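Protein chains in written order, with this note's numbering: chain Y, 5 to 304; chain B, 338 to 671. Beta carbons are placed, not taken as given, at the ideal position from N, Cα and C, and that holds for glycine. As the structure is a computational prediction, the values presented were derived from the model and not from experiment.
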């Protein structure tokens, strides 16, 4: 079954796995972003393990939903979700950003099967998703298209060109998600370049805006359901999140936007999450098949 | 070279009437090419950024309204919407002025379209100084340099109405991104409906062994006029229509260098990074010969009539003749 529809408890557990993956792969690569991947882990898990109809075993499945991360820099969470969902073996995460691996610093269609369109330059993704949604509607394909954006990214003008376009064409098969963690690389979003009132801006562009606690799995499940039931306009999940969520010393600190933890910090983070760097790395190394990754087993 | 079969030596097509040529707009060739495609392929869709009339995609819009997408004045969005449509299985053609298609949405072309290698077809209208009265902002003269520097992109500069029409149709069959550059004003028709057109394969339009003139776009006509003048001076010039700048037909270029010993390139584009540069890259790496580049020399355009601008910017047939004489003098001095 392409759609898994996990229980809330299973989703919470899987989101924890994803967070552990993020830390373990960053500890190995010693390059990449920590903050956004951790703030996106909960809604990402709800998307990949409950909401979306995806088929890692048949990437060109014509009935599949399409997803696109406009914030290409949060590859640690994208790849963790893909690995946990069975797009490729979890062990591959340990080659993140390495020359011999297939996991580029930013998503690359031709390196990582399952990525629909490469991304990495902010502001472009919602336009891409709009094209996917419009093309699918032209062909009569009952498909939803999901597009994850950042809050700092809202400063890009093209986001608003796309917002106008999707509403003009009443693309109700689009669901945007904004990781509203209020931090960007240079500091607090409101200090760098204010974007408030963000929900009102999107409503003003004729979108259906659904504000949720981006770490409340039940609220996210419900939010995506409301989006799916909304006809005649595109929907936006405005996910209020905390940068670095789940790691005490990273939470709400913009300095963790674009840097990885060192090995000691990673081990500490993983101990806060009930495991250790060695134990979780060993779990990744054991997962050598592309499949919905099994649980870590007792003692991890 | 990617995907291009090396050519057998080819007979030149019939030489057009140079004295009083038929004049036709290349943008009309784009519009009619899209009409051809609309009938032939259901997966072709057309996007425009509020320029339906002046890019002639209005022909398609009238006939196939369900496959026509108005994007408004938002070229960056248009480039990426086209990418999304391609990812969903469509063959999208987008149309705007070349100045915007190549510069304003260059990042979108690079990252979303080319890096993903999606079959997005970019129609860049109003290319070159021949745009005329609109002036510098709308006279696109940097597209070749920009587009050919981006991996996976192909760059096509058809010479007339028929070639633009054929290039448009041919682009749809190529599973990679393409950029087609065409102009505003009527320009001489130098090919016909039967003239062959293959992306990446230059057309020999006049044979000769003393010197080769390699031209693209409207400069193919100017090159033919120049070749006629040179013949009167006892010089037999070969003229190659290099309609595809990338991938360049390196085989035809190197053959011209070997057999003619001197090359003039002619383009309605900035001298930096254009056709002349592409030809030089091929020549210097295999068979260096004297080369002269007829192009716009690092200047912005200005308002005026097509003919007076081309003369003022040094890209008319007499300029090609003078460049040929310089190249021949250098060849003799070797």
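Best match in the options for proximity to residue i [C-alpha to C-alpha]
i                     : options                       : result
residue 251 (chain Y) : Y:132, Y:66 and Y:45          : Y:45
residue 157 (chain Y) : Y:143, Y:179, Y:202 and Y:122 : Y:202
residue 261 (chain Y) : Y:191, Y:288 and Y:56         : Y:191
residue 154 (chain Y) : Y:183, Y:285, Y:254 and Y:197 : Y:183
residue 127 (chain Y) : B:386, B:454, B:471 and B:444 : B:444
residue 133 (chain Y) : B:465, B:478 and B:423        : B:423
residue 369 (chain B) : B:376, B:453, B:361 and B:502 : B:502
residue 367 (chain B) : B:459, B:413, B:670 and B:358 : B:459
residue 197 (chain Y) : Y:204, Y:188 and Y:137        : Y:188
residue 505 (chain B) : B:598, B:449, B:622 and B:377 : B:377
residue 268 (chain Y) : Y:102, Y:147 and Y:27         : Y:27
residue 612 (chain B) : B:518, B:659 and B:522        : B:518
residue 533 (chain B) : B:414, B:544, B:499 and B:545 : B:499
residue 273 (chain Y) : Y:287, Y:255, Y:179 and Y:181 : Y:255
residue 131 (chain Y) : Y:169, Y:101 and Y:257        : Y:169
residue 181 (chain Y) : Y:22, Y:11 and Y:47           : Y:47
residue 428 (chain B) : B:384, B:440 and B:465        : B:384
residue 356 (chain B) : B:647, B:658, B:565 and B:641 : B:565
residue 140 (chain Y) : Y:244, Y:12, Y:230 and Y:70   : Y:70
residue 615 (chain B) : B:591, B:596, B:598 and B:595 : B:591
residue 535 (chain B) : B:645, B:421 and B:495        : B:495
residue 386 (chain B) : B:399, B:398, B:415 and B:404 : B:415
residue 173 (chain Y) : Y:186, Y:142 and Y:200        : Y:142
Identified DSSP bridge partners for residue i
i                     : result
residue 574 (chain B) : B:548
residue 153 (chain Y) : Y:182
residue 429 (chain B) : B:382
residue 241 (chain Y) : Y:181 and Y:214
residue 292 (chain Y) : For residue 292 (chain Y), which the question treats as bridged, DSSP gives no partner whatsoever.
residue 516 (chain B) : B:459 and B:492
residue 145 (chain Y) : In DSSP, residue 145 (chain Y) forms no bridge with anything.
residue 360 (chain B) : B:525
residue 407 (chain B) : B:385
residue 600 (chain B) : B:549 and B:628
residue 535 (chain B) : B:538
residue 192 (chain Y) : Y:187
residue 71 (chain Y)  : Y:150
residue 583 (chain B) : B:492
residue 607 (chain B) : B:633
residue 119 (chain Y) : Y:117
residue 543 (chain B) : B:576
Assumed close pair residue i, residue j - CB separation to whole angstroms, cut-off 8 Å
i                     : j                     : result
residue 392 (chain B) : residue 419 (chain B) : Between residue 419 (chain B) and residue 392 (chain B) the Cβ distance is about 14 Å, and since that is not below 8 Å, they are no contact.
residue 587 (chain B) : residue 619 (chain B) : 4 Å
residue 31 (chain Y)  : residue 238 (chain Y) : Contact doesn't hold; Cβ gap of about 38 Å is too wide.
residue 80 (chain Y)  : residue 36 (chain Y)  : 6 Å
residue 497 (chain B) : residue 524 (chain B) : 6 Å
residue 508 (chain B) : residue 547 (chain B) : Not quite, the Cβ-Cβ distance comes to about 35 Å (not below 8 Å), so this is no contact.
residue 685 (chain B) : residue 661 (chain B) : For chain B, the structure presents residues 338 to 671; residue 685 (chain B) sits outside this window and is missing.
residue 396 (chain B) : residue 371 (chain B) : 7 Å
residue 124 (chain Y) : residue 448 (chain B) : 6 Å
residue 145 (chain Y) : residue 66 (chain Y)  : 7 Å
residue 240 (chain Y) : residue 211 (chain Y) : 5 Å
residue 473 (chain B) : residue 639 (chain B) : 6 Å
residue 214 (chain Y) : residue 231 (chain Y) : 6 Å
residue 97 (chain Y)  : residue 83 (chain Y)  : 6 Å
Residue i CB to nearest heavy atom of the ligand ADP below 7 Å
i                     : result
residue 561 (chain B) : Among the ligands in the structure shown, none appear at all, so the ligand ADP cannot be discussed.
Exercise for review: Please specify which runs of the beta strand (DSSP E), each continuous and at least 3 residues long, are wholly inside the region 618–670 of chain B, giving them in chain order.
Suggested key: 628–633
Exercise for review: Tell me, please, whether the region 291–303 of chain Y touches the region 79–96 of chain Y by the rule of three or more beta-carbon pairs shorter than 8 Å.
Suggested key: yes
Review point. Between the region 512–524 of chain B and the region 489–504 of chain B, do three or more beta carbon pairs fall short of 8 Å?
Key: yes
Practice item. Entirely within the region 420–491 of chain B and at least 4 residues each: give me those alpha helix (DSSP H) ranges in chain order. Key: 480–485
Practice item. Could I get the ranges of all uninterrupted alpha helix (DSSP H) runs contained in the region 74–108 of chain Y, with 4 residues as the minimum, in chain order? Key: 79–89
Check your understanding: Would you say the region 573–580 of chain B touches the region 544–560 of chain B, given that touching needs at least three Cβ pairs under 8 Å?
Key -> yes
Check your understanding: Touch check for the region 537–545 of chain B and the region 600–610 of chain B: three-plus C-beta pairs under 8 Å?
Key -> no
Practice item. Check whether the region 134–146 of chain Y touches the region 453–468 of chain B, counting contact only when three or more Cβ pairs, one atom from each stretch, lie closer than 8 Å. Key: no
Practice item. Please confirm if the region 225–236 of chain Y is in contact with the region 160–169 of chain Y, defined as three or more CB-CB distances below 8 Å between the two stretches. Key: no
Exercise for review: Inspect the CB distances between the region 117–127 of chain Y and the region 40–55 of chain Y and report whether three or more fall short of 8 Å.
Suggested key: no
Practice item. Would you be able to state if there are at least three C-beta pairs under 8 Å between the region 401–414 of chain B and the region 471–484 of chain B? Key: no
Exercise for review: Assess, as a yes-or-no matter, whether the region 267–283 of chain Y is touched by the region 215–222 of chain Y under the definition of 3 or more beta carbon pairs within less than 8 Å.
Suggested key: no
Practice item. Scan the region 123–141 of chain Y for residues whose Cβ lies nearer than 9 Å to a Cβ of chain D and list them as they occur along the chain. Key: Included in the structure are the protein chains Y and B, with no chain D among them.
**Study point:** Contact the region 630–637 of chain B vs the region 647–658 of chain B: 3+ CB pairs below 8 Å
**Key:** yes
Practice item. Please confirm if the region 65–76 of chain Y is in contact with the region 144–152 of chain Y, defined as three or more CB-CB distances below 8 Å between the two stretches. Key: yes
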